[in-house]
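All residue numbers in the sequence shown are consecutive under my numbering, ending with 370.
Beta carbons are placed, not taken as given, at the ideal position from N, Cα and C, and that holds for glycine.
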Amino acid sequence: MKFKLTFFLSFFAFYFTSGQISINRNLNLELADRDSVTSKKLEKSLGVFLLEAQNNTYSHEYVDSTHRKEYDFFFRKLSGIGKKNPSIFNDPIILKSYTPDHETYFITVAFSGVKEDKPFIYQVTEFKLVPYKNHYRFYCPFEERTANFHTKKVKNVTYYYSGIINNTKAKKFASFKDKLSKLTNTPKSTLDYYCFESLDELLKSYGFLYSARQCNFLCYDLGFTDNEGKIYLTGTNNENYSFGYIGDYLYYNLPNPEDIYWPFVQGLSTYYGGYALSYDSMEELKEQFKEELNQNPTIDFLEEFKKGRKASIKRHFSYYVMSAFLCEEIMKKKNFDDVLKLVYSGSKGAHFFELLKEVLNVDESNFHETIVRLINTK
């Protein structure tokens, strides 16, 4: 006999008892045509998975290791919620659940809290649960949420999109991807490019129905790779958003990624793809820096460079843009191999000025004058 079981489950309290999260039943979770055995398996699986997520210690029992690698972004952005500051977080609340086939379940969980007497919503996430042994495994719902996307292959790039695609931009990116392979002396490889029409569409495809951490910027300004560089995703509605692709390409295709100096990589990305979401060209950026110099003639570009993310011009991080100017100068006078020397100047740029001296004969003593010269050079 079939029946509908309403099973009250929530308040996944972040209290640690013998290394487990205690689970109290309260809010509705409907399990159609199932018995109490299924309820207990779901309850146990949810408790174990949430504990693993909080500690970022996903096991193969509850998260297939291959799937986790393919959708690393999903599991990273789910990890650690409430770990460092559990006092401000409420117990996670189940908002919704359903099963399309009485075996697989989709469950939506809200993470919220109270800070300084003010309530906040941190994240609302949808999970896919699939039976495994005597419990359930957890999956990102990406495949289901993008199943009806259109596809189009351009050279070695396969585009996935829900609306329409700009063929000119798609061809331009595919050509740039081949050029990057040539510049780095790496084999040409295939790439899946998910061109989302908005950040909201991108996040929902991953199961993030809401995320306070990803409301404005996402990784490299809405462009990033997943599955170890085999998938590229953008929330920019742009088939040629190369700014977020370059750094990840270097990370996954060249050795010693731990030595990459990311500010200079962002400059390299600006040189080839324009500055982030504004798409400002090198010419436009030079004009903005000249305007800043005119308005503030005592500015010291070396000091601004060393301030890192604390300094910006026209809302552009100054040291990213100055790195772009230096990239352009290197490409005019040297070659891409010399650019890579500065890319690999240490995770914190420990060898940056030493290598800059070697490549362009520029060090701290003439850095400011060099930037002034470069912004006045076409």
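Looking at the backbone, the Cα of Ser181 and that of Pro133 are separated by about 26 Å. The beta carbons of Tyr243 and Leu183 sit no closer together than 8 Å.
In this structure, Tyr241 lies away from Leu347, with their beta-carbon atoms at least 8 Å apart.
At the C-beta level, Leu269 and Val331 stay beyond 8 Å of one another.
If you ignore the 5 residues before and after Asn229, its C-beta comes within less than 6 Å of the C-beta of Glu189, all in its own chain and listed in chain order.
If you draw a straight line from the Cα of Ser104 to the Cα of Arg129, it comes to about 24 Å.
Within the DSSP secondary-structure output, Ala102 pairs in a beta bridge with Ile85 and Val116.
Per DSSP, reduced to three states, the secondary structure at His360 is helical. Boundaries of the beta strand (DSSP E) harbouring Ser203: Phe200 to Ser203, taken from the DSSP string.
Contact annotation: Asp251 and Gly338 have beta-carbon atoms nearer than 8 Å.
The C-alpha of Glu118 is placed about 5 Å away from the C-alpha of Gly199. When the Cα atoms are used, Glu95 and Tyr54 turn out to be separated by approximately 16 Å. Cα atoms of Tyr153 and Pro289: separation of roughly 47 Å, rounded to the nearest angstrom. Under the three-state reduction of DSSP output, Gly215 falls in the strand class. Runs of the alpha helix (DSSP H) lying entirely within the region 123 to 177 and spanning at least 4 residues, in chain order: 134 to 137 and 159 to 175. The C-alpha of Asp355 is placed about 5 Å away from the C-alpha of Phe345. Going by C-alpha positions, Tyr97 is about 10 Å away from Tyr131.
Between Asp218 and Phe65, the CB-CB gap stays under 8 Å. The three-state secondary structure of Phe66, taken from DSSP, is helix. In this structure, the beta-carbon distance from Ser51 to Glu62 does not fall below 8 Å. Setting aside the 5 residues that flank it on each side, Thr178 is surrounded in the same chain by Asn245, each with a C-beta closer than 6 Å to its C-beta; the list follows chain order.
Sorting Thr138, Phe216 and Cys187 by C-alpha distance to the C-alpha of Ile156 places Cys187 at the top. Secondary structure at Leu318: helix, using DSSP grouped into helix, strand and coil. In the DSSP assignment, His343 is bridged to no other residue.
Closest in C-alpha terms to Leu34, from the list Phe359, Asn358 and Tyr90, comes Tyr90. Taking a contact as a CB-CB distance under 8 Å, the pair Tyr253 and Leu334 counts as one, their CB atoms being some 7 Å apart. Rounded to whole angstroms, the gap between the alpha carbons of Ser28 and Lys75 is 31 Å. Shown here for Lys163: same chain residues with a beta carbon closer than 7 Å to its own, the five before and five after excluded, namely Val146 in chain order.
Per the DSSP secondary-structure output, Pro111 pairs in a beta bridge with Val106.
Between Ser197 and Arg137, the C-beta spacing is below 8 Å.
Residue environment for Asp83: buried (at least 16 other C-beta atoms within 10 angstroms of its C-beta). DSSP, reduced to helix, strand and coil, places Leu121 within a strand of the structure shown.
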